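In the numbering used here, the protein residues as written are 3 to 494.
Glycine included, each C-beta is placed from N, C-alpha and C at the ideal position.
The structure presented is a predicted model; accordingly, all values stated were derived computationally and were not measured.
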């Protein structure tokens, strides 16, 4: 087992008070650090960002998110989110302290040894006539044998791999972020505002036999839905991750009658990304495991007490500069307890720089939901992961996607397939695509697409310009407009 690595996280990073503590500095600065950073979230080290990022981006954004004395505040603007108060002179002292200790640059990890992707055949697909790729949601549903796709223009479509045909099933007004379906109902989430915003304009739409209605409006940038009967009542609840911006929440929507939906806030913090229902304490009741990003980043288990009452417990906490983007819940070591695999690498906002702590981490469960980081695979800009036994040899293989790779020095690492060679030793063989830059890979899913008994992989592209990319790549993406990459498993 490898030595435990340092923990991490982020998404649309609103850097709220990113400070670091140095014991050898003067007591005043240490006190400022303890007062204005540690009380909010785990403190990142000053060394985790280079000096120019602190000076030109992070510190100005921090100042905008604080109540600094002796500075002008527009009385007509109502600030959102928590605003810690600090005097102007203390702010200057703290800012100078950070700049004085920040490194000029960050170190980089050596590139991993890798080979060409084996066991899969690549099929790039263009599914429409639009310029560029604009998919904001993708999910393969085995029960329908179709791929469900949502785009930034509010369209929800299905794609049939056998006929190569698409069919629009819903047209909304804002980007589609999630789709769920049970025997009676379809649920569609629209984000409202795609970019970071405090405007609460998201919604969930329901469809029943093609009758469409609004299930819930006034949601704060919803990005994920979990539809499940959490209390065995015969009626399914909806858990919605309202990612938000400076504010946000994890909410539970309960259908009281045919017209009334009751909303309960489970976590009152921004950055909620994904939730899984699982009985983590084995008491017969479904619990919730959720990932949050933004400032207070963590994996939290919400243990169900009784009748949809939950007790939250953070089991993994991350630094607010790492970029938490996704997680998988899977029994990696086959001991009967759910382990957690995370990817950290969102690099879209205030601190754009290649970071050596980005990558994939495996946390093993000791049986009491205490999780130990046991393996780290460095990968710049890692944003999605899939943990499955793709080669059907009894262990867990991992597919990794990077939306923010180092396009200048390692563009081949936009997608990495880790074939498990030795689970106990965490030995993986890294494999990459023959043409890794056919699209700007954004989403990732798996399913038996060709109906031959093994799991295939699907990648989708989103050519929205989050961060700078080499001009030849942006030109290629706009001209070729590859929407999907179907990786056909050749096992069967």
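Measuring alpha carbon to alpha carbon, tell me which residue in the options is nearest residue i.
i, options, result
"residue 250", "236, 473, 186, 269", "269"
"residue 447", "457, 438, 206", "457"
"residue 281", "386, 438, 370", "370"
"residue 290", "265, 346, 228, 175", "228"
"residue 393", "128, 45, 493", "493"
"residue 107", "48, 306, 286, 288", "48"
"residue 323", "240, 331, 296, 345", "296"
"residue 126", "469, 470, 455, 438", "438"
"residue 345", "352, 325, 407, 60", "325"
"residue 131", "483, 479, 411", "483"
"residue 427", "408, 335, 409, 481", "335"
"residue 231", "443, 110, 307, 256", "256"
"residue 419", "411, 406, 410, 436", "436"
"residue 470", "57, 219, 407, 120", "407"
"residue 144", "156, 163, 278, 158", "163"
"residue 354", "103, 412, 51, 415", "51"
"residue 273", "245, 186, 212, 488", "245"
"residue 93", "124, 109, 37", "37"
"residue 330", "398, 116, 285", "398"
"residue 158", "176, 146, 165, 166", "176"
"residue 96", "67, 33, 156", "33"
"residue 298", "333, 205, 271, 380", "271"
"residue 124", "434, 468, 454, 199", "434"
"residue 184", "247, 412, 170, 146", "146"
Given residue i, which residues of its chain have a CB within under 7 Å of its CB, disregarding the five upstream and five downstream residues?
i, result
"residue 300", "294, 316, 318, 319, 320"
"residue 161", "129, 148, 149, 151, 168"
"residue 306", "232, 287, 288, 289, 312"
"residue 443", "403, 405, 416, 417, 461, 463"
"residue 455", "494"
"residue 491", "121, 122, 392, 456, 457, 458"
"residue 105", "49, 52, 53"
What does a CB cutoff of less than 6 Å around residue i pick up in its chain, not counting 5 residues either side in sequence?
i, result
"residue 235", "none"
"residue 339", "367, 369"
"residue 276", "226, 293"
"residue 31", "99"
"residue 27", "Note that residue 27 has pLDDT 46, beneath the 50 cutoff, so the model's placement of it is unreliable and no number is given."
"residue 201", "195"
"residue 363", "344, 375, 378"
"residue 241", "228, 254, 277"
"residue 25", "Note on residue 25: pLDDT 45, under 50, position unreliable in the model; the coordinate value appears next. Correct list: empty, nothing qualifies."
"residue 264", "256, 258"
If residue i and residue j are in contact, beta carbons under 8 Å, what's the gap, nearest whole angstrom?
i, j, result
"residue 63", "residue 86", "14 Å between Cβ atoms; not a contact."
"residue 365", "residue 400", "Contact flag wrong, Cβ pair sits at about 13 Å."
"residue 460", "residue 142", "6 Å"
"residue 223", "residue 190", "Incorrect: roughly 15 Å between the Cβ atoms, too far for contact."
"residue 153", "residue 178", "6 Å"
"residue 188", "residue 208", "7 Å"
"residue 114", "residue 432", "5 Å"
"residue 489", "residue 441", "At roughly 13 Å, the Cβ-Cβ gap does not stay under 8 Å, so residue 489 and residue 441 are not in contact."
"residue 356", "residue 110", "7 Å"
"residue 468", "residue 350", "4 Å"
May I ask you to list the residues that DSSP assigns as paired with residue i?
i, result
"residue 190", "181, 207"
"residue 328", "345"
"residue 88", "70"
"residue 152", "139, 158"
"residue 224", "244"
"residue 306", "312"
"residue 300", "294, 319"
"residue 488", "125, 460"
"residue 404", "384"
"residue 252", "243, 269"
"residue 366", "374"
"residue 421", "431"
"residue 172", "158"
"residue 379", "362"
"residue 390", "399"
Give a single yes or no on whether residue i has its beta carbon closer than 8 Å to a heavy atom of the ligand COA.
i, result
"residue 182", "Here there are no bound small molecules, and the ligand COA is not part of this structure."
Kindly list the residues whose CB is nearer than 8 Å to the CB of residue i, restricted to its own chain and excluding five residues on each side of it in sequence; keep chain order.
i, result
"residue 480", "133, 134, 465"
"residue 558", "Outside the displayed range of the chain (3 to 494) lies residue 558, so it cannot be described from this structure."
"residue 239", "229, 230, 231, 232, 233, 254, 255, 256, 257, 310"
"residue 372", "317"
"residue 89", "70, 71, 72"
"residue 504", "Shown here, the chain extends from 3 to 494; a query on residue 504 therefore has no answer."
Hey, is residue i's beta-carbon within less than 9 Å of any beta-carbon in chain D?
i, result
"residue 413", "Protein chain content of the structure displayed is limited to a single chain, and chain D is not contained in it."
* Touching or not, the segment 450–466 and the segment 137–144, by the rule of three or more beta carbon pairs under 8 Å? -> With the cut-off at 8 Å, the segment 450–466 and the segment 137–144 touch.
* Would you be able to state if there are at least three C-beta pairs under 8 Å between the segment 420–427 and the segment 436–451? => With the cut-off at 8 Å, the segment 436–451 and the segment 420–427 do not touch.
* Asked: For the segment 376–390 against the segment 471–486, are there 3 or more C-beta pairs whose distance is under 8 Å?
  -> With a cut-off of 8 Å on Cβ pairs, the segment 376–390 is not in contact with the segment 471–486, counting fewer than three such pairs.
* Is it a yes or a no for the segment 395–410 touching the segment 380–387, going by three-plus beta-carbon pairs under 8 Å? -> Put simply, the segment 395–410 touches the segment 380–387. At least three CB pairs are less than 8 Å apart.
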